[in-house]
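Asks:
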Amino acid sequence: MIAIRSAFAKHILRPPWRLSSKNSSSPLSLLSTNKTNKIIVIDSSSFSPSQIILSSKSRSFSTSTSTSNGSEPSIDIPTFQTNLSNLAPSISKSLSTNGYYVTPTPYTILPTHSIATMRAQSIQLRNNNDRFEQSYSEKIDNITGKVTRFDKEGVFACEPDGRDYDTAPDLILYLSVMLQTLPDLLNGESAAEDEDGGYGLSASSFNAKLAVTCAGGSVYPLHIDNPQGVSAGDTRKLTCILYMNPGYRDGDGGELRIHCGSNNENKNNANVNNNNNNNNNNAKGEKGKSATVVDITPDGGRMVLFWSDVIPHEVLPTGSGGSSDEERDRYALTVWIPTDHYHTIHDPNSKFAHLGLDAFPIQS
Numbered sequence: 048m049i050a051i052r053s054a055f056a057k058h059i060l061r062p063p064w065r066l067s068s069k070n071s072s073s074p075l076s077l078l079s080t081n082k083t084n085k086i087i088v089i090d091s092s093s094f095s096p097s098q099i100i101l102s103s104k105s106r107s108f109s110t111s112t113s114t115s116n117g118s119e120p121s122i123d124i125p126t127f128q129t130n131l132s133n134l135a136p137s138i139s140k141s142l143s144t145n146g147y148y149v150t151p152t153p154y155t156i157l158p159t160h161s162i163a164t165m166r167a168q169s170i171q172l173r174n175n176n177d178r179f180e181q182s183y184s185e186k187i188d189n190i191t192g193k194v195t196r197f198d199k200e201g202v203f204a205c206e207p208d209g210r211d212y213d214t215a216p217d218l219i220l221y222l223s224v225m226l227q228t229l230p231d232l233l234n235g236e237s238a239a240e241d242e243d244g245g246y247g248l249s250a251s252s253f254n255a256k257l258a259v260t261c262a263g264g265s266v267y268p269l270h271i272d273n274p275q276g277v278s279a280g281d282t283r284k285l286t287c288i289l290y291m292n293p294g295y296r297d298g299d300g301g302e303l304r305i306h307c308g309s310n311n312e313n314k315n316n317a318n319v320n321n322n323n324n325n326n327n328n329n330a331k332g333e334k335g336k337s338a339t340v341v342d343i344t345p346d347g348g349r350m351v352l353f354w355s356d357v358i359p360h361e362v363l364p365t366g367s368g369g370s371s372d373e374e375r376d377r378y379a380l381t382v383w384i385p386t387d388h389y390h391t392i393h394d395p396n397s398k399f400a401h402l403g404l405d406a407f408p409i410q411s
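Each residue of the sequence shown is one higher than the last, beginning at 48 in the working numbering.
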């Protein structure tokens, strides 16, 4: 059996919840010194990688989050957290039932102006800060363990961290709020229904990737984000993707295709949506549904979540264009959240356990 994964992020961010002193003589060097003690972005010469430090004791946020050059993030933190809280029951139910969740409208999580700002900051990181590198995937032979790297043409990525705050404050703030808010919300929703205590999603560490898929036919191959799991030290459980494409148009391509299998629940769900009118399907971003796949448009600020260890997915070819057609490039910010409940990773009793074999059948 050959599995394909998007390259595991090189850095696992482990944000501690305490910081001794902004004037400490430790190797921590603040990128911005005018912040309150509620949210501090640092670069560390003795820690790898650079980290985001949040609130000294409580996991709360200050509204004073200006960068060293005086600019303010556009994200309204209380509203963002409220939106996540309101969606948590639907997210948890959909993850349990279908293995994935899609926001009902493109701007359910964040408003248009925040998404446009985050895209502009992403472009600045790419063009001015030289932070993007060639993106690649890895083929893994599950029998021999051999890993073979191959580049994804037209796809470039970086791992945003504390050093990017002055250039991309909204990106860093988004990552911070997601980490501090979503795991607890979903754990609370799942705990009431699960005798094992729920998902066990953890805020102790996470991975993040900011990627651009250029116009002109660029793709992501079919893969599972975490095909090896605990045996490879990979405890990622939940993939959270935020698209930043406010100018997306029909024909721009780059749809996310989720392979959701042919079990009865997914089949019934697909049939119901196929019987609805096109407006309902487009509102969910699910352009085409069948018993086996769901295509999701990366429009606006749409958010998609799915289980990292079991859900096969791919990115369909982007529309016509070239490297100079920046407006049609597809930007996505991914956060991977791990679980402390290691037994849930590649659980053979999971209703989604068969999806990997369906996507990557054993070669005889």
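Just so you know, even glycine gets a beta-carbon here, dropped at the ideal spot from N, CA and C. Because the structure is a prediction, the values reported are computed rather than measured.
What would DSSP say about E119, mapped onto helix, strand or coil?
Replies: Translated into positions along the sequence shown, residue 119 becomes position 72. Reduced to three states, the DSSP call for E119 is coil.
Asks: For S92, count neighbouring Cβ atoms within 10 angstroms of its own Cβ and tell me buried if that reaches 16, exposed if not.
Replies: Position 45 of the sequence shown, counted from the first residue, corresponds to residue 92. Confidence in S92 is poor, its pLDDT being 27 and thus under 50, which makes the residue's placement too unreliable to answer from.
Asks: Would you say the segment 342 to 360 touches the segment 215 to 223, given that touching needs at least three Cβ pairs under 8 angstroms?
Replies: no
Asks: Excluding sequence positions up to five away, which residues of its chain have a Cβ less than 6 angstroms from the Cβ of R178?
Replies: Numbered from its first residue, the sequence shown carries residue 178 at position 131. Taken in chain order, the residues that qualify are L172, C205.
Asks: What first and last residue would you give for the beta strand (DSSP E) that runs through L363?
Replies: Walking along the sequence shown from the start, residue 363 turns up at place 316. For L363, there is no enclosing beta strand (DSSP E), as DSSP marks it with neither H nor E.
Asks: Please name the residue or residues paired with Q171 in a DSSP beta bridge.
Replies: As a first step, residue 171 must be located in the sequence shown, where it is residue number 124. Answer is none; Q171 lacks a bridge partner.
Asks: Cβ of L232 versus every heavy atom of the ligand FMN: is any distance shorter than 7 angstroms?
Replies: Looking at this structure, you won't find the ligand FMN or any other ligand, since it has none at all.
Asks: Over the uninterrupted alpha helix (DSSP H) stretch that includes G201, give me the two end residues.
Replies: The residue given as residue 201 occupies position 154 in the sequence shown. No alpha helix (DSSP H) holds G201; the beta strand (DSSP E) holding it covers 194 to 205.
Asks: Would you kindly work out how many angstroms separate the C-alpha atoms of A400 and Q227, rounded to a whole number?
Replies: For the purposes of this step, residue 400 is identified with residue 353 of the sequence shown, where counting begins at 1. For the purposes of this step, residue 227 is identified with residue 180 of the sequence shown, where counting begins at 1. Spanning the two alpha carbons is a distance of roughly 29 angstroms.
Asks: Spatial neighbours of T286 within its chain, please: CB distance less than 7 angstroms, with the 5 preceding and 5 following residues excluded, ordered by chain position.
Replies: Working through the sequence shown from its first residue, we reach residue 286 at position 239. So the list reads D272, L352, F353, S355, T381, W383, once near-sequence residues are dropped.
Asks: Quick check on the DSSP output: what are the complete beta strand (DSSP E) runs of length 3 or more inside the segment 281 to 309, in order along the chain?
Replies: 283 to 290, 303 to 306
Asks: Between I392 and V277, which are expected to be in contact by the criterion C-beta below 8 angstroms, what is the C-beta distance as a whole number of angstroms?
Replies: Residue mapping note: residue 392 aligns to position 345 of the sequence shown, counting from 1. Residue mapping note: residue 277 aligns to position 230 of the sequence shown, counting from 1. Between V277 and I392 the Cβ distance is about 6 angstroms, and since that is below 8 angstroms, they are a contact.
Asks: Contact check, C307 vs V266 under 8 angstroms by CB: the rounded distance?
Replies: By 1-based counting over the sequence shown, the position of residue 307 is 260. By 1-based counting over the sequence shown, the position of residue 266 is 219. No, C307 and V266 are not in contact; Cβ-Cβ is about 19 angstroms, not under 8 angstroms.
Asks: Leaving out the 5 sequence neighbours to the left and right, which residues in its chain are closer than 6 angstroms to A379 when beta-carbon positions are compared?
Replies: Along the sequence shown, read from residue 1 onward, the residue named residue 379 stands at position 332. These residues qualify, in order along the chain: A258, I288, Y290.
Asks: What would DSSP say about V266, mapped onto helix, strand or coil?
Replies: In the sequence shown, the residue the question calls residue 266 occupies position 219. V266 falls in the coil class under three-state DSSP.
Asks: Taking only the alpha-carbon atoms, compute the straight-line gap between G347 and A163 and give it to the nearest angstrom.
Replies: Walking along the sequence shown from the start, residue 347 turns up at place 300. Walking along the sequence shown from the start, residue 163 turns up at place 116. Between G347 and A163, the C-alpha separation is close to 9 angstroms.
Asks: How should Y183 be labelled, buried or exposed, when 16 other C-beta atoms within 10 angstroms of its C-beta is the threshold for buried?
Replies: By 1-based counting over the sequence shown, the position of residue 183 is 136. By the neighbour-count rule (16 or more Cβ atoms within 10 Å), Y183 is not buried but exposed.
Asks: What three-state label does DSSP hand R210 in the structure shown?
Replies: Position 163 of the sequence shown, counted from the start, is the residue given in the question as residue 210. Note: R210 maps to helix in three-state DSSP.
Asks: Return the residue from the list S121, E302, C261, L233 that minimises the CA-CA distance to P385.
Replies: Position 338 of the sequence shown holds residue 385. Selection S121, E302, C261, L233 evaluated against P385 yields L233 as nearest (Cα-Cα).
Asks: Who pairs with V382 in a beta bridge, going by DSSP?
Replies: On the sequence shown, position 335 is the one that residue 382 refers to. Looking at the DSSP assignment, V382 forms a beta bridge with A255, C287.
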